[in-house]
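Enquirer: Take this structure, written in structure tokens, and hold onto it; I'll ask about it next.
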Amino acid sequence: MKFTAIHLMVVGSFQPVAKRWTDLQPARLKTFYLVTGVMGGTMYNTGKHVSLRPDKAHLVNISGGPLGYSYRLEEIRLHFGSEDSHGSEHLLNGQGFPGEVGRYKSREPMPYANIPNHPLLISLHLSENSNAFLNRMLNRDTITRINYKHDAFLLMGLNIADLYPDTTRYITYEGSITIPPCYETATWILINKPIYVTQMQMHSLRLLSQNEPYKIFLSMSDNTRPTQPLLQRCIRTNINFSKQGRDCPNNRALRPQYRDIHNVSAGCSLEM
């Protein structure tokens, strides 16, 4: 089943927010375009995140969607929780997911602080089979190379297209990034389809330490922000909630059901 991330990040602050269905604005949003080939990158334990930064020799460009220009992929960042019930910064009807993948992009040659840093987010769901790209990042031979803060490991032969779900549906809004310096120049894009990670891979992530090897072990998990009020910001989507979709178990469109003032359930995501 596909899930739609309805709890969104705060706009005008640097924390996630809870969101109501009535605030989502239907829009004619363009499709994303990804220009890449086989690339390499360095995976880091930053003490806060697992970060993969592409090498400069093989640029990955992303355009389309709500983006007005072509942007270069700067970083892939993993959020994850200490338990399967939470770990994503975005929630569905108050429910968290084991983790979330963020891709952060920038436009050159403008200075980093003055340009949008556009995160493209994908939820991680548990499955017996994992995403091909995550298999490269999270297999035992790789993930154990970055057990401690400041550890790094070079990966080659990666294809970023393997990380992108097969869907053109998403939610987007203007906001700010959730880690310092928290620039309020971001266009957040939430993809309407998850990718999958195994229980063993989640366990390996939770064994990564925030600290150097000579310090006490502190798991890197739960590296997310709490939700905050939305402050009447506009959020757009090209998801058609009114049309029948085969991904719902009863093969019919489900109307959103309110659980409380902050939460909304969309039943499941519906593809046009």
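The sequence shown maps to residues 1 to 272 in full-length UniProt numbering. Beta carbons: idealized from backbone N, C-alpha and C, even for Gly. Remember, predicted model here, so these are calculated numbers, not experimental data.
Taking the alpha carbon of N135 as the point to measure from, which residue in T36, K215, D151, L155 has its own alpha carbon closest?
Expert: Translated into the one-based positions of the sequence shown, residue 135 becomes position 135. Nearest of T36, K215, D151, L155 to N135, Cα basis: L155.
Enquirer: If you run the structure through DSSP and keep just helix, strand and coil, what is A161?
Expert: In the sequence shown, counting from the first residue as 1, residue 161 sits at position 161. A161 falls in the helix class under three-state DSSP.
Enquirer: Quick check on the DSSP output: what are the complete beta strand (DSSP E) runs of length 3 or more inside the segment 44-84, in order along the chain?
Expert: 50-54, 61-64, 71-80
Enquirer: Less than 8 angstroms between C-beta atoms, sequence neighbours within five positions excluded: which residues of the same chain meet that for D55?
Expert: Along the sequence shown, read from residue 1 onward, the residue named residue 55 stands at position 55. Taken in chain order, the residues that qualify are M39, G40, G41, T42.
Enquirer: Does DSSP classify I189 as helix, strand or coil?
Expert: To locate residue 189, count along the sequence shown from 1; it is residue 189. Residue state, collapsed to three classes: strand.
Enquirer: If you follow the alpha helix (DSSP H) that residue 273 is part of, which residue opens it and which one closes it?
Expert: There is no way to answer for residue 273, as the model of the chain reaches only from 1 to 272.
Enquirer: R206 by DSSP, collapsed to three states: which one?
Expert: Residue mapping note: residue 206 aligns to position 206 of the sequence shown, counting from 1. R206 sits in a helix when the DSSP states are folded into three classes.
Enquirer: To the nearest angstrom, how far is it from the Cα of N159 to the Cα of I171?
Expert: Start at 1 with the first residue of the sequence shown, and residue 159 comes out as number 159. Start at 1 with the first residue of the sequence shown, and residue 171 comes out as number 171. Straight-line Cα distance between these residues: approximately 24 angstroms.
Enquirer: Straight-line CA distance for M200 to I189?
Expert: Here residue 200 refers to the residue found at position 200 when the sequence shown is read from its first residue. Here residue 189 refers to the residue found at position 189 when the sequence shown is read from its first residue. Looking at the two C-alpha atoms, the distance is approximately 28 angstroms.
Enquirer: Hey, N147 and L207: beta-carbon distance below 9 angstroms or not?
Expert: Along the sequence shown, read from residue 1 onward, the residue named residue 147 stands at position 147. Along the sequence shown, read from residue 1 onward, the residue named residue 207 stands at position 207. Yes, the pair counts as a contact, with Cβ atoms nearer than the cut-off.
Enquirer: Could you tell me whether the Cβ atoms of residue 275 and L29 are closer together than 9 angstroms?
Expert: Because the chain spans 1 through 272 in this model, residue 275 falls outside it and cannot be assessed.
Enquirer: With a 10 Å radius around its C-beta and 16 neighbouring C-beta atoms as the bar for buried, classify K149 as buried or exposed.
Expert: Translated into positions along the sequence shown, residue 149 becomes position 149. When all chains shown are included, K149 counts as buried.
Enquirer: Going by C-alpha to C-alpha distance, which of T46, E74, G68, G65 sits closest to L59?
Expert: Taking the first residue of the sequence shown as position 1, residue 59 is located at position 59. Comparing Cα positions, the closest option is E74.
Enquirer: How many Å lie between D162 and F133 at the Cα?
Expert: Indexing the sequence shown from 1 puts residue 162 at position 162. Indexing the sequence shown from 1 puts residue 133 at position 133. Near 5 angstroms, if we compare the C-alpha coordinates of F133 and D162.
Enquirer: Candidates I191, M202, R169, I216: which alpha carbon is nearest E128's?
Expert: For the purposes of this step, residue 128 is identified with residue 128 of the sequence shown, where counting begins at 1. Here the closest residue by C-alpha is M202.
Enquirer: Roughly how many angstroms separate the alpha carbons of T187 and S70, rounded to a whole number?
Expert: The residue you call residue 187 lines up with position 187 of the sequence shown. The residue you call residue 70 lines up with position 70 of the sequence shown. Taking the straight line joining both Cα atoms gives about 13 angstroms.
Enquirer: Between D166, Q232, K48, which has its C-alpha nearest P194's C-alpha?
Expert: Here residue 194 refers to the residue found at position 194 of the sequence shown. Out of D166, Q232, K48, D166 has the C-alpha closest to the C-alpha of P194.
Enquirer: Given G47, which residues of its chain have a CB within under 6 angstroms of its CB, disregarding the five upstream and five downstream residues?
Expert: For this step, residue 47 is matched to residue 47 along the sequence shown. Counting only Cβ-Cβ distances below 6 angstroms, and skipping sequence neighbours, we find K149, Q210.
Enquirer: For S88, count the other beta carbons within 10 Å of its own beta carbon; 16 or more makes it buried, fewer makes it exposed. Which is it?
Expert: In the sequence shown, residue 88 corresponds to position 88, counting from 1. Under this definition S88 is a buried residue.
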